[in-house]
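K.L.:
One structure is given below, represented as structure tokens, and several questions about it will come after.
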Amino acid sequence: MALNDLINSINGILFSNYTVYALLITGIVFTFWSVFGQYKALTHGISVVRGKYDDHDDPGAINHFQALSAALSATVGLGNIAGVAVAVALGGPGAIMWMWVIGILGMSLKMTEVTQSMLYRNTDDPENPHGGPMFVVKKGFAEWGLAPIGSIIGGVFVITMIISAITGGNMFQAWNVADITFTYFQVPQVVTGIVLTVLVGLVILGGIKRIGAVAGRIVPLMCAIYVISALVVLVANIGDIPAMLGLIVKSGLPGFMGGESADATGAFLGGTFGYAAMWGVKRALFSSEAGQGSSPIAHSAAKTDEPVREGVVAGLEPFIDTIVVCTLTALVILSTGAYNRNAESEFATPESIQFVQATDSETGEVRPDTWTLETPALPAMTSEARRIRQAPEHASGWREGETIFFVVAADQDLNTGRDLRKITGTVNRDEQDNWVVSWNSLESKMKPHFREHADGSFDLGVYGDYSGASMTAYAFDRQFPGLGKWLVSIAAWLFALSTMISWSYYGEQGIYYFFGTHGEQSARPAVMIYKVIYALLILMTTILAMPLFGPDKKAIIATDHELDMWTTLGLGVMLVANIPIMWLFGAKAMAAYHDYFRRMKAGGDPPHAAPPIADVVEGKDV
Numbered sequence: 047m048a049l050n051d052l053i054n055s056i057n058g059i060l061f062s063n064y065t066v067y068a069l070l071i072t073g074i075v076f077t078f079w080s081v082f083g084q085y086k087a088l089t090h091g092i093s094v095v096r097g098k099y100d101d102h103d104d105p106g107a108i109n110h111f112q113a114l115s116a117a118l119s120a121t122v123g124l125g126n127i128a129g130v131a132v133a134v135a136l137g138g139p140g141a142i143m144w145m146w147v148i149g150i151l152g153m154s155l156k157m158t159e160v161t162q163s164m165l166y167r168n169t170d171d172p173e174n175p176h177g178g179p180m181f182v183v184k185k186g187f188a189e190w191g192l193a194p195i196g197s198i199i200g201g202v203f204v205i206t207m208i209i210s211a212i213t214g215g216n217m218f219q220a221w222n223v224a225d226i227t228f229t230y231f232q233v234p235q236v237v238t239g240i241v242l243t244v245l246v247g248l249v250i251l252g253g254i255k256r257i258g259a260v261a262g263r264i265v266p267l268m269c270a271i272y273v274i275s276a277l278v279v280l281v282a283n284i285g286d287i288p289a290m291l292g293l294i295v296k297s298g299l300p301g302f303m304g305g306e307s308a309d310a311t312g313a314f315l316g317g318t319f320g321y322a323a324m325w326g327v328k329r330a331l332f333s334s335e336a337g338q339g340s341s342p343i344a345h346s347a348a349k350t351d352e353p354v355r356e357g358v359v360a361g362l363e364p365f366i367d368t369i370v371v372c373t374l375t376a377l378v379i380l381s382t383g384a385y386n387r388n389a390e391s392e393f394a395t396p397e398s399i400q401f402v403q404a405t406d407s408e409t410g411e412v413r414p415d416t417w418t419l420e421t422p423a424l425p426a427m428t429s430e431a432r433r434i435r436q437a438p439e440h441a442s443g444w445r446e447g448e449t450i451f452f453v454v455a456a457d458q459d460l461n462t463g464r465d466l467r468k469i470t471g472t473v474n475r476d477e478q479d480n481w482v483v484s485w486n487s488l489e490s491k492m493k494p495h496f497r498e499h500a501d502g503s504f505d506l507g508v509y510g511d512y513s514g515a516s517m518t519a520y521a522f523d524r525q526f527p528g529l530g531k532w533l534v535s536i537a538a539w540l541f542a543l544s545t546m547i548s549w550s551y552y553g554e555q556g557i558y559y560f561f562g563t564h565g566e567q568s569a570r571p572a573v574m575i576y577k578v579i580y581a582l583l584i585l586m587t588t589i590l591a592m593p594l595f596g597p598d599k600k601a602i603i604a605t606d607h608e609l610d611m612w613t614t615l616g617l618g619v620m621l622v623a624n625i626p627i628m629w630l631f632g633a634k635a636m637a638a639y640h641d642y643f644r645r646m647k648a649g650g651d652p653p654h655a656a657p658p659i660a661d662v663v664e665g666k667d668v
């Protein structure tokens, strides 16, 4: 608990308002500096990806399409499934508007940081270039006669990147896949860990060319599966889409601009404006990695002699990741009513439920300002809830070991800014074969009580605790029962695999920075050790997700909230390290950007005919 408190405190500093403001200002500045370069990404960037400027003689290892796929494989992932659901659950629909803001500004951030990295990348070995913010700051400071300072700052960035690779790029992915696979198919987490370890290991041992080739196949496949499924759901709810878009904008604006926080109804606890903005920004950053400094590492492997050319390609990432995929997920959750759904079951009278002070499990002493519940057997689920779960007609609908919750009025929730809180419990069978609940405790100085409706009745509803990827799956199941289970499971595996292999490469380049002073050969042993550790970390994380350790046999990483603390830490330290680098060398990137488009406007380096798409995907065009 002490460690969790420490991590939360550090995250509070890393994600203070000042950090968010710094990122937003940086995005705005480079948006205007590039004269809305987002347009160039959506026009010229697509032509570059299509292969119209590819040249076999340019330095690099992979083509523009493969570089984009490798970078997208790290960003389009579980953050698009689970992260969006977390943002909506805690920040409300308004969080999506702030995801859009970060997505648009993120396009200029990506263009800038990738252009910087291409300007300063190491091409001593044209077939295996190295780049990223660490090389930018190292070479940039060397030009100023401050090489030792640049090397130190670059080393600090590499350390933050390895933290992020371990947490968000590896642990977050492995834990969620293991959890989803166990939840839906009862496959032990360790089995999932073994399979993931082998698959990832086979890919990363082949280096960036194999990573680019695999990503070039997986990314289009996983995006197609997910986007088509989401569109089918949205077509079925097409009449609700305009209202949902209006709700996103209205609840995302502050009060002085006419905004209004979404009502806390059903399972939704309701995030106020400030929390909507915070969760939207936080999850968009985690999803798109804009300003984080990771994507430039993948793009630095691209075959090109024009740094800006790869920069505009990178600008496509936040658009695809955040504006398209994240928005589809959000609209599925909103249009199906998953986020503010009605209760799965409801107790008849408040008199049958007692709020009592919790006691210490070891000493039996009463814990002050800590509450739990005593309830009778659970009533059967509603017919609608059983339909969604595909439960037999006469079954209760409950599942052994699932988590449920009441919504109660208590002390303010630090995640939403509202005085509504969840009190959760685990469903079990008693000796009489009744469905009962073992309720967890809730810390609150105020004695909790059930929220009261306008008509004087109380909300005694019991809600399934869907969070992260399970909420997205539930949203699909509300429209087409059974779809969510398979879709999210397949997507989770594909997304996680692609993300883990890309982040392994980012960490690998960090190892090269430390050990590659004398070239590829000097770094090879350290890189191999890193790859082995990275793969084994996948297995270790899935083991830690199993309830094997401790006196109460709880998992060390038991919830997605506990995991989120560590992924947030990785993201935060990279942002804090990379934003100053962007400001220090942004002028050089912008000068190169405007020079490139002046030359292109004057007719320099005209495009050639686009090669066949199959050749682009395979990398045969270069």
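First residue of the sequence shown: 47, per the numbering used here; consecutive thereafter. C-beta atoms are modelled at their ideal positions from N, C-alpha and C, and glycine is treated no differently.
(1) Below 8 Å, how does it come out for the region 481–498 and the region 510–526: are there three or more Cβ pairs, yes or no?
(2) Excluding the five sequence neighbours on either side, which residues of its own chain have a C-beta within less than 8 Å of the C-beta of Pro626, listed in chain order?
(3) Taking the Cβ atom as the reference point for each residue, do Thr318 and Ser334 lie within a distance shorter than 7 Å?
(4) If you drop the 5 nearest sequence neighbours on each side, which residues of the same chain put their C-beta closer than 8 Å to that of Lys531?
(5) Can you check which of these residues, Glu352, Thr428, Ala441 and Asp286, is closest to Leu380 by C-alpha distance?
(6) Quick one, which of Leu151, Ser119 and Pro653 has its alpha-carbon nearest Gly551's?
(7) With 16 as the cutoff for other CB atoms within 10 Å, does Arg329 come out buried or exposed?
(8) Can you tell me which of the three DSSP states Lys468 falls into?
(9) Distance check for Glu411 and Gly215, CA to CA, integer angstroms please.
(10) Is the CB-CB distance between Gly337 and Ala141 below 7 Å?
(11) What are the boundary residues of the alpha helix (DSSP H) that Pro414 is part of?
(12) So, with DSSP's three-state summary, where would you put Trp190?
(13) Taking buried to mean at least 16 other C-beta atoms within 10 Å of its own C-beta, is Ser429 buried or exposed?
(14) Would you report the Cα separation of Leu590 and Thr238, rounded to the nearest angstrom?
(15) What does the alpha-carbon distance come out to for the pair Gly596 and Ala538?
(16) Alpha carbon to alpha carbon, what distance is there between Ala637 and Glu566?
(17) Alpha carbon to alpha carbon, how far is Gly201 from Ala423? Give it in angstroms, no decimals.
(18) How would you write the range of the alpha helix (DSSP H) that Ile659 sits in, first residue to last?
(19) Going by beta-carbon coordinates alone, are Gly97 and Pro438 separated by less than 7 Å?
(20) Can you list the alpha helix (DSSP H) stretches of 4 or more residues lying completely in the region 336–379, in chain order?
(21) Using C-beta distances below 6 Å, list every residue in its chain close to Ser115, excluding the 5 sequence neighbours before and after it, in chain order.
(22) Is there contact here, the region 78–96 with the region 356–367, by at least three beta-carbon pairs under 8 Å?
(23) Return the chain-ordered list of same chain residues with a C-beta closer than 6 Å to the C-beta of Thr405, the five sequence neighbours on each side being excluded.
(24) Suppose only complete runs of 3+ residues qualify. What are the beta strand (DSSP E) ranges in the region 136–205, listed by chain order?
(25) How many Å lie between Lys86 and Cys372 at the Cα?
(26) With DSSP run on the structure shown, which of helix, strand or coil describes Ile450?
(27) So if DSSP puts Glu439 in a beta bridge, which residue, or which two residues, is it bridged to?
(28) Could you tell me the alpha carbon to alpha carbon distance between Val663 and Gly253, rounded to whole angstroms?
(29) Do Val619 and Ile209 count as a contact pair if the criterion is CB distance below 7 Å?
(30) Would a C-beta distance cut-off of 7 Å place Ala456 and Gln219 closer than the cut-off?
(31) Can you tell me which residues form a DSSP beta bridge with Thr405?
(32) Mind checking whether Arg435 and Gly443 have CB atoms under 7 Å apart?
(33) Report buried or exposed for Pro652, applying the criterion of at least 16 other Cβ atoms within 10 angstroms of its Cβ.
(34) Need the endpoints of the alpha helix (DSSP H) that Trp221 sits in, please.
(35) Consult DSSP for Arg497 and reduce its assignment to one of helix, strand or coil.
(36) From Ser544 to Leu165, what does the alpha carbon distance come to, in whole angstroms?
P.N.:
Looking at the coordinates:
(1) no
(2) none
(3) no
(4) If we look at Lys531 and ignore the five residues flanking it on each side, its Cβ neighbours are Tyr230, Ala519 and Asp523.
(5) Asp286
(6) Note that residue 551 is Tyr in the sequence shown, not Gly. Per the Cα distances, Ser119.
(7) Buried, because 16 or more other Cβ atoms sit within 10 Å of the Cβ of Arg329.
(8) strand
(9) 42 Å
(10) no
(11) Premise fails: Pro414 lies in the beta strand (DSSP E), Val412 to Glu420, not in any alpha helix (DSSP H).
(12) It is coil, neither helix nor strand.
(13) exposed
(14) 13 Å
(15) Reliability fails at Gly596, whose pLDDT of 43 lies under 50, so the model's placement of it is uncertain and the value that follows must be treated cautiously. Straight-line Cα distance between these residues: approximately 29 Å.
(16) 32 Å
(17) The alpha-carbon atoms of Ala423 and Gly201 are separated by roughly 58 Å.
(18) Ile659 to Glu664
(19) no
(20) Those alpha helix (DSSP H) runs which fall completely within the region 336–379 and span 4+ residues are 341–345 and 353–360.
(21) Ala261, Gly262 and Val265
(22) yes
(23) The beta carbon of Thr405 is closer than 6 Å to those of Val412 in its chain, skipping five residues each way along the sequence.
(24) Secondary structure within the region 136–205: not one fully enclosed beta strand (DSSP E) run of 3 or more consecutive residues is present.
(25) 22 Å
(26) It is a strand residue.
(27) Paired residue(s): none; Glu439 is not in a bridge.
(28) Taking the straight line from one Cα to the other gives about 17 Å.
(29) yes
(30) no
(31) Val412
(32) yes
(33) exposed
(34) Phe218 to Phe231
(35) Arg497 falls in the coil class under three-state DSSP.
(36) 27 Å
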